[in-house]
Amino acid sequence: MSDFFVSCPRGLEYLLRDEMLALGAASAHEALAGVHVEGDLEMAYRACLHSRLASRVLWPLVQFEAADEQALYDGVRGVDWAPHLAANGTLAVEAVVSRSTVRHNRYAAQRVKDAIVDQFREETGARPSVDTERPDVRVHLRLKRNQAALSLDLSGTPLHRRGWRSGQGEAPLKENLAAAMLLRAQWPRIYAEGGALVDPMCGSGTLLIEAAWMAADVAPGLHRDYFGFLGWRGHNDALWQRLKAEAQARADEGLRALRPCFFGSDQDERVLRIAVRNAQAAGVAGFVRLERHDVAHLPPAEGDAGGLIVTNPPYGERLGDRDRLPALYHELGAVLRERYPGWRAAVLCGDAELGSALGVRADKRYTLYNGALETTLVTFSLRATDAPAPTPKPLSESAQMLANRLRKNLKHLRKRLTREGITCFRAYDQDLPEYAFAIDVYEDWLHLQEYRAPADVPEHVAAGRVREAVRVVSEVFEVPRERIAVKQRRRGKGGSKYGQFDQRGETVEVGEGGLRFLVNLTDYLDTGLFLDHRLVRAKLRELARGRRFLNLFAYTATASVYAAAGGARETVSVDLSATYLDWASRNLALNGFTGAAHRLAQADAMTWLREDRSRYGLIYVDPPTFSNSKRTEADFDVQRDHVALLEACAARLEDDGVLVFSNNFRRFKLDEQALSSTFAIQDWSAASIPFDFARRGDIHGCWLLTRRS
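Using our numbering, read the sequence shown as starting at 630 and increasing by one per residue.
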């Protein structure tokens, strides 16, 4: 088994992880723009042959520290290249460099090539030559913070090149992005249920061909005649031929059973001719019907089976006039609603504004990258335009008061939120006694926590207020009901703050402080990102540079991500929950913090502190109020046990280190008398409360502790 890396466009990481597991990987963990996969060479071949989402498959050779160009050269020379490449073979080198002494990609690639060539010249008197198009071996270098990772690129050329494309339009859609659109739109399920597929702006036919291959189980790499491993001396040709034969048999069977249910149109006759040639090269021309007309003349749906509309309209970046595009999108939305009621749709829009111009209520929005261009995939269900819209009942007087208060709060907050680039914040917190909610905004999602109503409030009255509140926030924030998570705030079992509600496992990616985090709005009381600790995390980033960082009760490791972003040379995140450590791993990887410098440890905090012998320049402790987990030696009570906890941290703190301690127990009193002999203590509580939590200044406490000499 080996841990190899499969890269993909940003935004496809979780889809790719699931695909790798479905292909047989022992394990797969998403990272920024790719997935770390545990598997053997056969698994790597399967990824090259069957992945619809991957860009490249990188087989690891060696990792080493490269503090300068000589160290880089020496590290590459230290690899025995004879098992990989013949002396008279060909090679190419690709390098990706960031935050390292060697700063330029091309120069780093040149030094890697020099080291390989020099080794062969000295040992054999011959040397490999460079072939940038189809080399025997393509070497990939990733150099980040002077840490070099050297790999073989088994894919050779990007895997989105399937081998069928004979031409393309002016703004081609990459095949793996097309596959992601189809998966997000649930095309495999729709096809299995008898549905058809229509692309009203099909261009050169990419979505149609990908959809047909997906339905027929045609391996995306089956038509390629070149992979990076074919000239590699470690290549197992017998294994590869067996996998290809299996894939060919599956494709033959799938194409025999494929339904001719793929319909494409475009107003450009030239690209339609290209689409015909591409469909012929892909072997699906007999299943695809292509017609020339614009969106306004799109024919109505045929039959009652329903299906999927999927398309990639112009964005105004390389095609069309941006000022005229909203009208095109509006027309597209109107035509689809009129002629395809009951169908599903997925439209890749250049931005949220164009998505809104469709005039539909989106079920979901996904951020995808078409090359370097950030786009928005909007998925939605189409409803008949002549269906009478239900007339909502007038808001009650109290609900109208809630709406007015929310608008007032947003007006008060908006200017500062915009100025500071804050997209996740608290908008309301029990401002009106009748509506005892905390309302948090997570970009284009809302999270409502209802505090339990008093015993004298009848249950049906409380339930009615919840329904009213959901309606009000949907209208005020212009967010569909599907993007509003509602919970009743109760203490979790044993007093834990991580009580579970559901088991959907659905996460949403949001931004804070220039970083990205995954939040789960449905399954737990807390979402994975404590919004009231925004300034605490910023303080950790400020203090972290050059220090070793320890995060106890790490939860989803948002603090560790901030410390790493602040320049911590190492982070260690400790939590007892494997679920949250997996979440923590994804948060770290989402921001590019992977490898030995960012460790995760499943352990009880007190046990860890007793057994660990390392020292840290920055320690963060944010314990639960109470915990009685069966995996701990004893129950934990933050008021009772915080002195012992912090004294244990002192033994792990460097002499000039800083300990940041916070907790959300509102009646908590720090025992300064017991701690003053060990620590100099600064109460930083008031300064750590964000402006959007000013109404609840006691929501948490925070202290900065340094060791006394």
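Glycine is no exception: its CB is placed at the ideal position from the N, C-alpha and C atoms.
Residue i vs residue j beta-carbon contact at 8 Å
{"i": "Leu1205", "j": "Asp1241", "result": "no"}
{"i": "Ala683", "j": "Cys637", "result": "yes"}
{"i": "Val1105", "j": "Leu1024", "result": "no"}
{"i": "Leu1169", "j": "Val1289", "result": "yes"}
{"i": "Leu1154", "j": "Lys1116", "result": "yes"}
{"i": "Leu1055", "j": "Asp1321", "result": "Note that residue 1055 is Arg in the sequence shown, not Leu. Yes; because the gap between Cβ atoms is below 8 Å, this pair is in contact."}
{"i": "Thr1200", "j": "Ala1192", "result": "yes"}
{"i": "Ala892", "j": "Val964", "result": "The sequence given here has Phe at residue 892, not Ala. Contact: no."}
{"i": "Thr1004", "j": "Tyr998", "result": "yes"}
{"i": "Leu653", "j": "Val635", "result": "In the sequence as presented, Leu is not what sits at residue 653; that position holds Gly. It is not a contact, given that the beta carbons lie outside the stated cut-off."}
{"i": "Ser780", "j": "Pro801", "result": "no"}
{"i": "Gly857", "j": "Gly785", "result": "yes"}
{"i": "Ala673", "j": "Val686", "result": "yes"}
{"i": "Trp927", "j": "Pro817", "result": "Sequence check: residue 927 is Leu here, not Trp. Against a cut-off of 8 Å, the Cβ pair of Pro817 and Leu927 comes out as no contact."}
{"i": "Pro764", "j": "Leu720", "result": "yes"}
{"i": "Leu1158", "j": "Arg1215", "result": "no"}
{"i": "Thr1185", "j": "Ala1167", "result": "no"}
{"i": "Asp1058", "j": "Leu1160", "result": "no"}
{"i": "Val1272", "j": "Asp1300", "result": "yes"}
{"i": "Tyr958", "j": "Leu977", "result": "no"}
{"i": "Leu919", "j": "Ala904", "result": "yes"}
{"i": "Ser1202", "j": "Ala1225", "result": "no"}
{"i": "Leu1144", "j": "Ser1317", "result": "no"}
{"i": "Arg994", "j": "Arg966", "result": "no"}
{"i": "Leu851", "j": "Ala880", "result": "yes"}
{"i": "Thr730", "j": "Asp697", "result": "yes"}
{"i": "Val917", "j": "Leu1046", "result": "no"}
{"i": "Ala975", "j": "Ala1197", "result": "no"}
{"i": "Cys1053", "j": "Val1139", "result": "yes"}
Burial state of residue i (16 or more Cβ within 10 Å)
{"i": "Gln1129", "result": "In this prediction, Gln1129 has a pLDDT of 46, which is less than 50 and means its spatial position is unreliable; what the coordinates show is noted afterwards. With fewer than 16 Cβ atoms within 10 Å of its Cβ, Gln1129 is classed as exposed."}
{"i": "Ser894", "result": "buried"}
{"i": "Val607", "result": "Residue 607 is absent from the structure shown; the chain starts at 630 and stops at 1338."}
{"i": "Pro1252", "result": "buried"}
{"i": "Arg1043", "result": "exposed"}
{"i": "Glu1026", "result": "exposed"}
{"i": "Asn907", "result": "buried"}
{"i": "Leu868", "result": "exposed"}
{"i": "Glu642", "result": "buried"}
{"i": "Asp1312", "result": "exposed"}
{"i": "Cys1331", "result": "buried"}
{"i": "Gly936", "result": "buried"}
{"i": "Asp1264", "result": "exposed"}
{"i": "Arg1120", "result": "The predicted position of Arg1120 is uncertain, since its pLDDT is 44 and thus under 50; no value can be drawn from it."}
{"i": "Ala1323", "result": "exposed"}
{"i": "Glu1049", "result": "exposed"}
{"i": "Phe633", "result": "buried"}
{"i": "Tyr820", "result": "buried"}
Beta-carbon separation (whole angstroms), residue i vs residue j, contact threshold 8 Å
{"i": "Lys873", "j": "Leu678", "result": "7 Å"}
{"i": "Ala825", "j": "Ala934", "result": "7 Å"}
{"i": "Ser1291", "j": "His1162", "result": "7 Å"}
{"i": "Arg771", "j": "Ala778", "result": "4 Å"}
{"i": "Phe712", "j": "Arg871", "result": "It should be pointed out that residue 712 corresponds to Pro in this sequence rather than to Phe. Not quite, the Cβ-Cβ distance comes to about 23 Å (not below 8 Å), so this is no contact."}
{"i": "Ile1248", "j": "Leu1179", "result": "5 Å"}
{"i": "Pro849", "j": "Ser680", "result": "7 Å"}
{"i": "Ser1103", "j": "Arg1110", "result": "6 Å"}
{"i": "Ala716", "j": "Phe749", "result": "5 Å"}
{"i": "Leu884", "j": "Gly912", "result": "7 Å"}
{"i": "Arg740", "j": "Tyr702", "result": "5 Å"}
{"i": "Thr835", "j": "Glu804", "result": "6 Å"}
{"i": "His665", "j": "Ala655", "result": "Rounded, the Cβ-Cβ distance is 11 Å, inconsistent with contact."}
{"i": "Ala1098", "j": "Leu1077", "result": "7 Å"}
Contact with chain D by residue i, beta-carbon distance below 8 Å
{"i": "Leu682", "result": "Among the chains in the structure shown there is no chain D, since it carries only a single protein chain."}
query = At a cut of 8 Å, does the stretch 841-850 reach the stretch 923-940 through at least three beta carbon pairs?
reply = no
key: Three CB pairs or more closer than 8 Å across the stretch 1208-1227 and the stretch 1265-1280   = no
task = For the stretch 1254-1281, list the alpha helix (DSSP H) runs that are entirely contained and at least 4 residues long, ordered along the chain.
result = 1267-1279
ask   = Just checking, does the stretch 1034-1047 make contact with the stretch 1057-1065 on the three C-beta pairs under 8 Å criterion?
value = yes
message = In chain order, what are the residue ranges of uninterrupted alpha helix (DSSP H) at least 4 long that sit wholly in the stretch 881-938?
response = 898-911
task = Could you name each continuous alpha helix (DSSP H) segment of 4 residues or more that falls completely within the stretch 772-838, going from the start of the chain to the end?
result = 804-813, 816-821
In chain order, each beta strand (DSSP E) run of at least 3 residues that lies wholly inside the stretch 1164-1204 = 1177-1181, 1199-1204
query = Which runs of the alpha helix (DSSP H) spanning at least 4 residues fall entirely within the stretch 698-731, listed in chain order?
reply = 698-706
ask   = Below 8 Å, can you find three or more Cβ-Cβ pairs linking the stretch 702-712 to the stretch 736-750?
value = yes
message = Quick check on the DSSP output: what are the complete alpha helix (DSSP H) runs of length 4 or more inside the stretch 973-1059, in order along the chain?
response = 981-986, 1026-1049
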